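What follows is a set of notes on a single structure, which appears directly below.
Residue numbers (the numbering used here), protein chains in the order written: chain W, 502 to 779; chain G, 502 to 779.
Okay, here's the thing in structure tokens:
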């Protein structure tokens, strides 16, 4: 990024705050808006941002980043159409993109490129913001059909300046893959936690081993954000649940009928994990 | 434990090896058998055990611990009935106890107490053995109907000397609770890993965020051991899968019909986790 640039960020949570902190450290003039006045005061005091929207020099080039929950992002995009259209780059960081895409099409926003930094962790809020959050992480960039080359290059430079490696991917593939690798595990974790609580009538917390603790960590995720994501990526998530249930049923049949089939299934799982994750 | 005591351990893997290492350090005379000669040589050389079965003084009191996979344990119990009956204590450390219970009844083993140290981690084999593995961990003790008081006290002292806190629980409750809190998460993880590999056709490993890595860690678990566990605790595991699928279907319906219902479901999950785990 170049020092003379201006960035306007909507939403100074864990992601937005980390972007702001890192860009400001690079000397970029970062301005932000957040629902919480306390957050804005904290961010200015701690030199995470230079000021708010009112300090932005609209006569000079600027980029706009939304790091608000997806449904809020859509609302804000509608309310700030002109501001966005006049920007060099409009991007956002949510996990579910379909409605934003539609919105960009309807409003003929030609500088839109959707970004998904695969960098989430358990942190939340600006207190947890971290200049290194995006370092050596993947960022998926999804330009739309009408996105200008200039905006695509700009977005890539932005994420690279934050330390990320960029991958370009069309939005349908993005939504499909994320449904399987991120949204489905959350659906499972929420359902499992409910089942365990209902079924086992467990009074003694300590019975839960370390394995279960790790396995269910994501069931602590924010209801507001995840009900948004599930709503926005409904079709692909429901597809994923269906596919997962089929595998679960294969497993059920194996357990019922044959130890050696169960063993093979597990061995295949071991291999799949090695191939995909290790 | 008292210094004059003798312990015979079958199976010097991660659990058996850790028991041996800790007891030997306390000055107990520990002897062991293992399928692998290399493991025995290593254990003697590294003072994890004093010798093998042939070194055990059968004229003096001894306890027997099985840390072999559950199906192997059953086979070995049958082959060593007299040795076991003459022991002060017979215990084992597997995650699934039903067949061992039956076996103990059939063979009128009155010194049997089933132990389940909730202390597993990703380590495996004697190289990973650790004297502190059981410290501040729960050990579930399940005496059988005919188990003598003496054996129960003995088992409790054994685990306490390893640093564990003991909880007594009847075997049916043990199998039911473990099906929900340990076996079901494994079933899910194996199935999910298979689904992700099949469905998403992912060529780029780096797309998997840290969340998925933690969530699917247990899908790397040993096929031999887990097909045994699933086979031995079949009834309770199938019940758990059924119950979990019901919750998953509630989630499916919520996602399809109502964002606010989805949000409530997730909020309930958050609470359940807090109650049970945090």
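Glycine included, each C-beta is placed from N, C-alpha and C at the ideal position. Only a predicted model underlies this, so the values are computations on that prediction, with no experimental measurement involved.
Minimum Cβ-Cβ distance from residue i to chain G less than 8 Å
| i | result |
| --- | --- |
| residue 593 of chain W | no |
| residue 644 of chain W | no |
| residue 514 of chain W | no |
| residue 615 of chain W | no |
| residue 745 of chain W | yes |
| residue 731 of chain W | yes |
| residue 574 of chain W | no |
| residue 757 of chain W | yes |
| residue 672 of chain W | no |
| residue 599 of chain W | no |
| residue 676 of chain W | no |
| residue 669 of chain W | no |
| residue 697 of chain W | yes |
| residue 749 of chain W | yes |
| residue 771 of chain W | yes |
| residue 753 of chain W | yes |
| residue 716 of chain W | yes |
| residue 647 of chain W | no |
| residue 735 of chain W | yes |
Per DSSP, cross-strand counterpart(s) of residue i
| i | result |
| --- | --- |
| residue 666 of chain G | G/639 |
| residue 681 of chain W | In DSSP, residue 681 of chain W forms no bridge with anything. |
| residue 563 of chain G | G/507 |
| residue 617 of chain G | G/641 |
| residue 552 of chain G | G/532 |
Cβ of residue i within 8 Å of any chain W Cβ
| i | result |
| --- | --- |
| residue 719 of chain G | yes |
| residue 688 of chain G | yes |
| residue 530 of chain G | no |
| residue 727 of chain G | yes |
| residue 571 of chain G | no |
| residue 768 of chain G | yes |
| residue 661 of chain G | no |
| residue 664 of chain G | no |
| residue 776 of chain G | yes |
| residue 517 of chain G | no |
| residue 700 of chain G | yes |
| residue 629 of chain G | no |
| residue 683 of chain G | yes |
| residue 738 of chain G | yes |
| residue 584 of chain G | no |
| residue 650 of chain G | no |
| residue 712 of chain G | yes |
| residue 742 of chain G | yes |
| residue 562 of chain G | no |
Whole-angstrom C-beta distance between residue j and residue i, which should lie under 8 Å
| i | j | result |
| --- | --- | --- |
| residue 567 of chain G | residue 693 of chain W | The pair is not a contact, with the Cβ atoms about 31 Å apart (cut-off 8 Å). |
| residue 763 of chain G | residue 690 of chain W | Wrong, their Cβ atoms sit about 14 Å apart, outside the cutoff. |
| residue 564 of chain G | residue 531 of chain G | Contact doesn't hold; Cβ gap of about 10 Å is too wide. |
| residue 558 of chain G | residue 507 of chain G | 6 Å |
| residue 592 of chain W | residue 577 of chain W | Not a contact, Cβ separation roughly 13 Å. |
| residue 510 of chain G | residue 520 of chain G | 6 Å |
| residue 601 of chain G | residue 574 of chain G | 6 Å |
| residue 613 of chain G | residue 645 of chain G | 6 Å |
Start-to-end residues for the alpha helix (DSSP H) that takes in residue i
| i | result |
| --- | --- |
| residue 530 of chain G | Note, residue 530 of chain G: premise wrong, no alpha helix (DSSP H); beta strand (DSSP E) at 530 to 534. |
| residue 745 of chain W | 735 to 758 |
| residue 605 of chain G | 599 to 607 |
| residue 571 of chain W | 571 to 580 |
| residue 523 of chain G | 515 to 526 |
| residue 719 of chain W | Unbroken run through residue 719 of chain W: none, as it is neither H nor E. |
| residue 544 of chain G | 538 to 546 |
Range covered by the beta strand (DSSP E) that runs through residue i
| i | result |
| --- | --- |
| residue 592 of chain G | 590 to 593 |
Proximity test, residue i beta-carbon vs the ligand MG heavy atom, cut-off 7 Å
| i | result |
| --- | --- |
| residue 691 of chain W | The ligand MG is absent from the structure shown, which contains no ligand whatsoever. |
Short CB-CB distance (under 8 Å) between residue i and chain C
| i | result |
| --- | --- |
| residue 691 of chain W | No chain C appears in the structure shown, which is made up of the protein chains W and G. |
Tell me whether the segment 535 to 546 of chain W and the segment 591 to 602 of chain W touch, counting them as touching only if at least three CB pairs, one residue from each stretch, are closer than 8 Å.
No, because fewer than three Cβ pairs between the segment 535 to 546 of chain W and the segment 591 to 602 of chain W fall closer than 8 Å, the two stretches do not touch.
**Asked** Touch check for the segment 665 to 673 of chain G and the segment 621 to 640 of chain G: three-plus C-beta pairs under 8 Å?
**Response** A contact exists between the segment 665 to 673 of chain G and the segment 621 to 640 of chain G.
Is it a yes or a no for the segment 669 to 681 of chain W touching the segment 680 to 687 of chain G, going by three-plus beta-carbon pairs under 8 Å? Touching, no, given that fewer than three Cβ pairs across the two stretches are closer than 8 Å.
Notebook entry, point to check: If we count Cβ pairs, one from each stretch, closer than 8 Å, do we get three or more for the segment 752 to 759 of chain G versus the segment 686 to 700 of chain G?
Noted result: Between the segment 752 to 759 of chain G and the segment 686 to 700 of chain G there are fewer than three inter-stretch CB-CB distances shorter than 8 Å, so the stretches are not counted as touching.
Exercise for the section: Please confirm if the segment 709 to 723 of chain W is in contact with the segment 768 to 777 of chain W, defined as three or more CB-CB distances below 8 Å between the two stretches. Expected result: They do not touch, by the three-pair rule.
With contact counted as at least three CB pairs below 8 Å, one residue from each stretch, are the segment 606 to 615 of chain G and the segment 531 to 543 of chain G in contact?
-> Too few Cβ pairs lie closer than 8 Å, so no.
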